[in-house]
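Encoded as structure tokens, the structure appears first; notes follow it.
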Amino acid sequence: MSLGGGGGQQQLQQLSQEIEAIEEEKEELEAEVEALREEQTEIDEAQEALDVLETGSTVQVPLGGDAYVRAEVQDMDEVVVSLGGGYAAEQDADDAQDVLDEKREALDGRIEDVRSEISELDEEQSALEQQAQQAQQQMMQQQMQAQQQQQDE
Numbered sequence: 006m007s008l009g010g011g012g013g014q015q016q017l018q019q020l021s022q023e024i025e026a027i028e029e030e031k032e033e034l035e036a037e038v039e040a041l042r043e044e045q046t047e048i049d050e051a052q053e054a055l056d057v058l059e060t061g062s063t064v065q066v067p068l069g070g071d072a073y074v075r076a077e078v079q080d081m082d083e084v085v086v087s088l089g090g091g092y093a094a095e096q097d098a099d100d101a102q103d104v105l106d107e108k109r110e111a112l113d114g115r116i117e118d119v120r121s122e123i124s125e126l127d128e129e130q131s132a133l134e135q136q137a138q139q140a141q142q143q144m145m146q147q148q149m150q151a152q153q154q155q156q157d158e
């Protein structure tokens, strides 16, 4: 095989590795989107609970390890909401809803950013796949020319 053909093979291999790296990155980003959506679902459930629950309601409180205990809500006017960074604050139900709304909006923004990254990777992947296809066609043409030259000799 000619040196040009070997270089084409090397280029194809490099393009293939780049495409594979993009695929892995896209998978990681898709997993991040899924995790963010799960977090949104938890926020939705918390907001629904704040709307429905009243003082005196019975709820199941998770203890961890898939264990729960029944408890009675003593005061719906006192809701502890995580503010992030390991901090939490006691809020009334309306303020707690506002904090949860802000968290949901932040998640929406992050999902949009990640989706944008995925789109950019899709475009980059398409361009690399097109380059790989062109390189493969060039290699085939070079091989055909080399065979033609051998036949002519």
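To convert, take the position in the sequence shown, counting from 1, and add 5; that gives our numbering.
The C-beta atom is built at its ideal place from N, Cα and C for all residues, glycine as well.
Small disclaimer: the values here were computed from a predicted structure and weren't measured.
When the options are compared against residue i, the one with the closest alpha-carbon
i	options	result
residue 99	50, 55, 69 and 43	55
residue 75	61, 85 and 88	61
residue 51	87, 92 and 152	87
Residue i versus residue j: straight-line alpha-carbon distance, rounded
i	j	result
residue 135	residue 117	27 angstroms
residue 44	residue 30	21 angstroms
residue 23	residue 133	8 angstroms
residue 156	residue 130	39 angstroms
residue 108	residue 121	20 angstroms
residue 69	residue 125	40 angstroms
residue 48	residue 33	23 angstroms
residue 72	residue 46	21 angstroms
residue 38	residue 25	20 angstroms
residue 18	residue 119	28 angstroms
residue 67	residue 91	19 angstroms
residue 16	residue 89	47 angstroms
Local Cβ density within 10 Å of residue i, reported as buried at 16 or more and exposed below that
i	result
residue 105	buried
residue 101	buried
residue 64	exposed
residue 144	buried
residue 13	buried
residue 84	buried
residue 21	exposed
residue 40	exposed
residue 140	buried
The stretch 75–82 in contact with the stretch 145–153 per 3-pair CB rule at 8 angstroms:
no
Ranges of the beta strand (DSSP E) found wholly within the stretch 10–90, counting only runs of at least 3:
63–69, 72–77 and 84–89
Beta strand (DSSP E) runs contained entirely in the stretch 91–136, provided each spans 3 or more residues
92–96
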